[in-house]
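As structure tokens, the structure follows; a few thoughts come after it.
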Amino acid sequence: DSGVTQTPKHLITATGQRVTLRCSPRSGDLSVYWYQQSLDQGLQFLIHYYNGEERAKGNILERFSAQQFPDLHSELNLSSLELGDSALYFCASSPLTGGEQYFGPGTRLTVT
Amino acid sequence: SQQGEEDPQALSIQEGENATMNCSYKTSINNLQWYRQNSGRGLVHLILIRSNEREKHSGRLRVTLDTSKKSSSLLITASRAADTASYFCATQPFNTGGGNKLTFGTGTQLKVEL
Chain A
24 DSGVTQTPKH LITATGQRVT LRCSPRSGDL SVYWYQQSLD QGLQFLIHYY
74 NGEERAKGNI LERFSAQQFP DLHSELNLSS LELGDSALYF CASSPLTGGE
124 QYFGPGTRLT VT
Chain B
169 SQQGEEDPQA LSIQEGENAT MNCSYKTSIN NLQWYRQNSG RGLVHLILIR
219 SNEREKHSGR LRVTLDTSKK SSSLLITASR AADTASYFCA TQPFNTGGGN
269 KLTFGTGTQL KVEL
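Chains as they are written, first to last, in my numbering: chain A, 24 to 135; chain B, 169 to 282.
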């Protein structure tokens, strides 16, 4: 158990809908990262927040947005969902902005 | 896009044998990390090697890094059935502007048979 929690574990929704994925980092970690894992794209970095501020952005679609709250938990919002958004979404955390990352168990999103 | 390619894509060995997987990457890095993923679950950090290091050990794991060739290898000695998983290399670049973006390779699926 990494200490990173993600909810929900599974999510099934229809195209065009909006969902919110939630992540709680390890106690004391200030950085939160979001990744998408799909069969065709592999593991892709989406976004990094440090202590509430966006620090790095990857291949994140405009339909996706994220934020980190004062209590350091983070949410990833996915809107206007398409079939291709079906994937595993992982959150990870780290104490600062470098080094190893601790991954949560993931949220499996299925868009039908 | 993926930073690195891993080789082989899949590897099947007998318990007790050694497993070697390789990773190549494209840009300058601050460090390279290896992660393990059991089927559809979260990734587990295994080892981190900095760009100024050439070799690192952790238990049954040995990692090498050749920055001139932009490549790394992970050796798992005396493999066990519990080592069956996918293994990913991930690179952290320099000059991230305060951000930390790990770029993952394509992964090697390791199967250790009894």
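Backbone N, C-alpha and C fix where the C-beta goes; we use that ideal spot for every residue, glycine too.
Just so it is clear, the structure is predicted and the values come from calculations on it, not from any experiment.
Hey, how far is the Cα of residue i from the Cα of residue j?
| i | j | result |
| --- | --- | --- |
| A/Ile-70 | B/Ile-217 | 23 Å |
| A/Tyr-5 | B/Glu-183 | What the structure shows of chain A is the stretch from 24 to 135, and residue 5 of chain A is not part of that stretch, so it cannot be assessed. |
| A/Gly-39 | B/Ala-250 | 41 Å |
| A/Ser-61 | B/Lys-279 | 21 Å |
| A/Arg-131 | B/Met-189 | 28 Å |
| A/Pro-31 | A/Gln-59 | 15 Å |
| A/Gly-122 | B/Phe-262 | 12 Å |
| A/Cys-46 | A/Thr-28 | 6 Å |
| B/Thr-235 | A/Gly-65 | 24 Å |
| A/Thr-120 | B/His-225 | 24 Å |
| A/Ser-97 | B/Glu-185 | 42 Å |
| A/His-33 | A/Arg-41 | 15 Å |
| B/Gly-172 | B/Val-231 | 16 Å |
| B/Asp-175 | B/Ile-244 | 15 Å |
| B/Asn-198 | A/Ser-103 | 37 Å |
| A/Leu-95 | B/Leu-179 | 40 Å |
Confirm, please, whether the CB-CB distance from residue j to residue i is below 8 Å.
| i | j | result |
| --- | --- | --- |
| B/Leu-233 | B/Leu-242 | no |
| A/Gly-127 | A/Ala-115 | yes |
| B/Gly-275 | B/Phe-256 | yes |
| A/Ser-50 | A/Gly-75 | no |
| B/Tyr-193 | B/Lys-238 | yes |
Between the options, which lies nearest to residue i when the distance is taken from Cα to Cα?
| i | options | result |
| --- | --- | --- |
| B/Asn-220 | B/His-213, B/Asn-206, B/Thr-245 and B/Ser-196 | B/Ser-196 |
| B/Ser-240 | B/Ser-254, B/Ala-246, B/Arg-222 and B/Arg-248 | B/Arg-222 |
| B/Leu-211 | A/Leu-111, A/Tyr-72 and A/Thr-120 | A/Leu-111 |
| A/Glu-85 | A/Pro-118, A/Glu-105 and A/Ile-35 | A/Glu-105 |
| A/Tyr-72 | A/Tyr-125, A/Phe-92 and A/Phe-113 | A/Phe-92 |
By a C-beta neighbour count over all protein chains shown, 10 Å radius and 16 as the cutoff for buried, is residue i buried or exposed?
| i | result |
| --- | --- |
| B/Lys-269 | buried |
| A/Thr-133 | exposed |
| A/Asp-24 | exposed |
| B/Gln-177 | exposed |
| B/Gly-208 | exposed |
| A/Ser-54 | buried |
| A/Glu-77 | exposed |
| A/Ala-7 | Absent from the structure is residue 7 of chain A, since the part of chain A shown begins at 24 and ends at 135. |
| A/Asp-52 | buried |
Short of 8 Å in beta carbon distance, which residues of its chain neighbour residue i, apart from the five on each side in sequence? Order them along the chain.
| i | result |
| --- | --- |
| B/Gln-201 | His-213, Leu-214, Ile-215, Leu-216, Ile-217, Cys-257, Ala-258, Thr-259, Gln-260 and Leu-270 |
| B/Ile-181 | Ala-187, Ser-247, Leu-278, Lys-279, Val-280 and Glu-281 |
Say the cut is 7 Å; is the CB of residue i nearer than that to a heavy atom of the ligand MG?
| i | result |
| --- | --- |
| A/Ser-47 | For the ligand MG, the structure offers nothing, since it holds no ligand at all. |
If I measure Cβ to Cβ from residue i and keep anything under 7 Å in the same chain, skipping five residues before and after, which residues do I get?
| i | result |
| --- | --- |
| A/Asp-108 | Leu-101, Leu-132 and Val-134 |
| B/Gln-205 | Leu-211, Ala-253, Ser-254 and Phe-256 |
| A/Ile-83 | Leu-69 and Ile-70 |
Could you pull out every residue in the same chain whose Cβ sits closer than 6 Å to the Cβ of residue i, ignoring the five residues on either side in sequence?
| i | result |
| --- | --- |
| A/Thr-43 | Glu-98 and Asn-100 |
| A/Lys-80 | Ile-70 |
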